[in-house]
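Take 12 as the starting number for the sequence shown in my numbering and just add one per residue.
Ideal Cβ placement from N, Cα and C applies to all residues, glycine included.
For clarity, every value in this text was computed on a predicted model and none was experimentally measured.
Notes follow the structure.
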Amino acid sequence: MIKMDTKNLFIILLGVALILSFVFRPSTGIDMYEKEINSLKVKNENLKLNNDTLLMLNKSLNIEIQELINNIDSTKAQLNKTKIKINDLENEKGKVSTYVNTLNADEIAGELSNYLNNRK
12 MIKMDTKNLF
22 IILLGVALIL
32 SFVFRPSTGI
42 DMYEKEINSL
52 KVKNENLKLN
62 NDTLLMLNKS
72 LNIEIQELIN
82 NIDSTKAQLN
92 KTKIKINDLE
102 NEKGKVSTYV
112 NTLNADEIAG
122 ELSNYLNNRK
């Protein structure tokens, strides 16, 4: 008689279970895998189209952002020039001009009326 211990019995039972699982497994046809592959290919093409669309939109938005940044930079430069002009005008606001126009007697009345008209 063959001496059987629990370890050998367990190994034999696992071997029989493995053989039975191969014999009685449900057969899956190749058609099922082909359908799944085809559906995955369609999904992949759709995702590629979506990706291309998103890349084009992203590129156009990057161009628009760059244009806005350039506009902001030019506006800042113009603003700085304007601030410098304003500061120069404020500094010279209280100063008296050193330019003196020499006039003869005939031109005094015309220049005085021009001065009064410009003051308004």
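Task: C-alpha gap between Thr86 and Asp99, whole angstroms - done: Rounded to the nearest angstrom, the gap between the Cα atoms of Thr86 and Asp99 is 20 Å.
- [ ] Can you grab the Cα-Cα spacing for the pair Leu51 / Met43, in whole Å?
- [x] When the Cα atoms are used, Leu51 and Met43 turn out to be separated by approximately 12 Å.
TODO: List the endpoints of the continuous alpha helix (DSSP H) containing Glu21.
DONE: In the sequence as displayed, the identity of residue 21 is Phe instead of Glu. Where Phe21 is concerned, the enclosing alpha helix (DSSP H) stretches over 17-34.
TODO: Starting from the C-beta of Gly105, find all residues in its chain whose C-beta is less than 7 Å away, skip the five residues before and the five after it, and write them out in chain order.
DONE: Close CB contacts of Gly105 within its chain, under the 7 Å cut and outside five residues either way in sequence, are absent.
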